[in-house]
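Numbering (the numbering used here), first residue to last: 3 to 257.
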């Protein structure tokens with residue numbers, strides 16, 4: 003806690019009107035958003051790459067932004083860091099009655115469902131369990147969170163098998179749209195297909211966003227192998243046929 007208090011003190015000092023830092027004094031909650039988002043994604047990247055040293059640093063940067071926002075709010079008389087900490091402490095105890103109370107909940111899925119129910123009861127002004135999901139989230143995360151919210155009231159299949167049937171249905175509908183050459187219908191069916199794939203990932207306890215990013219990184223590594231192959235031979239990759247590119251791709255898969 004001494005280290006945390008020191009960070010709060012440093013941010014407060016940087017925001018001193020006369021002796022503080024001109025750049026820090028110029029910042030507003032909204033002006034900090036781009037850097038805040040960047041630091042968040044850098045932390046996510048460190049987690050994905052299992053880079054503990056980087057994560058150590060990035061979590062510190064995120065902490066800085068949280069305290070920075072609290073400092074500005076305190077200056078404006080809205081709230082302070084103590085209020086933020088008290089709120090999250092109370093919420094964690096309130097949303098975990100199976101730990102801090104006498105509620106019986108078995109399994110992680112049941113805990114998550116109970117969390118959503120408690121959350122809905124607290125947010126009495128919300129008419130739908132789907133409210134509160136940031137629309138600015140990346141598409142796959144947005145889809146998965148929406149499905150999780152719907153599942154919290156029991157609108158969900160028991161396992162992944164019906165989702166596979168639904169996936170086959172969506173592929174068939176996409177094929178029909180392609181035959182009809184209806185671009186708007188094709189777009190809609192592709193969206194349905196992606197949404198169903200996210201649902202399948204969710205039922206298999208896989209984070210769709212992380213999974214597709216891992217696959218994209220794998221593709222990038224293999225494609226760059228192809229580029230290096232032609233670069234090292236002094237040949238133009240643009241002149242290669244698909245069959246030739248595919249042959250090098252197969253070699254890249256062996257690495």
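Backbone N, C-alpha and C define an ideal beta-carbon position, used for all residues, glycine too.
C-alpha distance - residue 54 paired with residue 214, whole-angstrom precision: The C-alpha of residue 214 is placed about 22 Å away from the C-alpha of residue 54.
Buried or exposed by the 16-neighbour rule on C-beta atoms within 10 Å, applied to residue 137: Around the beta-carbon of residue 137, fewer than 16 other beta-carbon atoms lie within 10 Å, marking it exposed.
If contacts are defined as beta-carbon pairs under 8 Å, then residue 45 and residue 61 qualify, I think. What distance do you get, rounded to the angstrom? Contact holds; Cβ gap of about 6 Å.
Please state the DSSP three-state secondary structure of residue 81. Looking at residue 81 - three-state DSSP - the assignment turns out to be coil, as it is neither helix nor strand.
Jot down the residue ranges of each uninterrupted alpha helix (DSSP H) in the stretch 116-143, minimum 4 residues, whole runs only, in chain order. Within the stretch 116-143, no run of alpha helix (DSSP H) at least 4 residues long lies entirely inside it.
Confirm, please, whether the CB-CB distance from residue 10 to residue 2 is below 8 Å. In the structure displayed, the chain extends from 3 to 257; residue 2 sits before or after that span and is not available.
Rounded to a whole number of angstroms, what is the C-alpha to C-alpha distance between residue 83 and residue 125? Roughly 23 Å separates the two Cα atoms.
Straight-line CA distance for residue 224 to residue 236? A straight line joining the alpha-carbon of residue 224 with that of residue 236 spans about 19 Å.
My understanding is that residue 188 touches residue 206, with C-beta atoms under 8 Å, so please give their C-beta distance in whole angstroms. Not a contact, Cβ separation roughly 27 Å.
What residue from 146, 194, 227 and 170 has the CA that sits closest to residue 257's CA? Cα-wise, what sits closest to residue 257 is 227.
For residue 203, count neighbouring C-beta atoms within 10 Å of its own C-beta (all shown protein chains included) and say buried if the count is 16 or more, exposed if not. With 16 or more other Cβ atoms within 10 Å, it is buried.
So residue 201 packs on residue 165, CB below 8 Å; how close in whole Å? So it is a contact: roughly 5 Å between Cβ atoms.
Between residue 239 and the rest of its own chain, which residues show a CB-CB distance below 8 Å, the 5 nearest in sequence each way excluded? Within the same chain, 228, 229, 232, 233 and 247 come within 8 Å of residue 239 by CB-CB distance, once the 5 residues on both sides are set aside.
The alpha helix (DSSP H) with residue 218 in it runs from where to where? Run containing residue 218: 210-234, per the alpha helix (DSSP H) assignment.
Could you round the C-beta distance between residue 118 and residue 151 to whole angstroms and report it? I think they count as a contact, below 8 Å. So it is a contact: roughly 6 Å between Cβ atoms.
Contact set for residue 144: own chain, Cβ-Cβ below 6 Å, skip 5 residues either direction: The beta carbon of residue 144 sits closer than 6 Å to no other beta carbon from its chain once the five residues preceding and following it are set aside.
Provide the residue span of the alpha helix (DSSP H) that contains residue 198, from first to last. Per DSSP, the unbroken alpha helix (DSSP H) holding residue 198 starts and ends at 185-205.
Which first and last residues belong to the alpha helix (DSSP H) in which residue 43 is found? Per DSSP, residue 43 belongs to the alpha helix (DSSP H) from 35-50.
Taking just the CA atoms, how far does residue 221 sit from residue 37? Between residue 37 and residue 221, the C-alpha separation is close to 28 Å.
Tell me whether residue 109 sits in a helix, a strand or coil according to DSSP, three-state version. For residue 109, the three-state secondary structure derived from DSSP is coil.
C-alpha gap between residue 49 and residue 43, whole angstroms: Going by C-alpha positions, residue 49 is about 10 Å away from residue 43.
Rounded to a whole number of angstroms, what is the C-alpha to C-alpha distance between residue 109 and residue 89? Answer to the nearest angstrom: the Cα atoms are 26 Å apart.
Our contact map puts residue 97 next to residue 120 with C-beta atoms below 8 Å; I'd like the distance itself, whole angstroms only. About 5 Å separates the beta carbon of residue 97 from that of residue 120, a gap short enough to meet the 8 Å contact definition.
Taking C-beta to C-beta, are residue 191 and residue 210 nearer than 8 Å? Cβ distance not < 8 Å, so residue 191 and residue 210 don't count as in contact.
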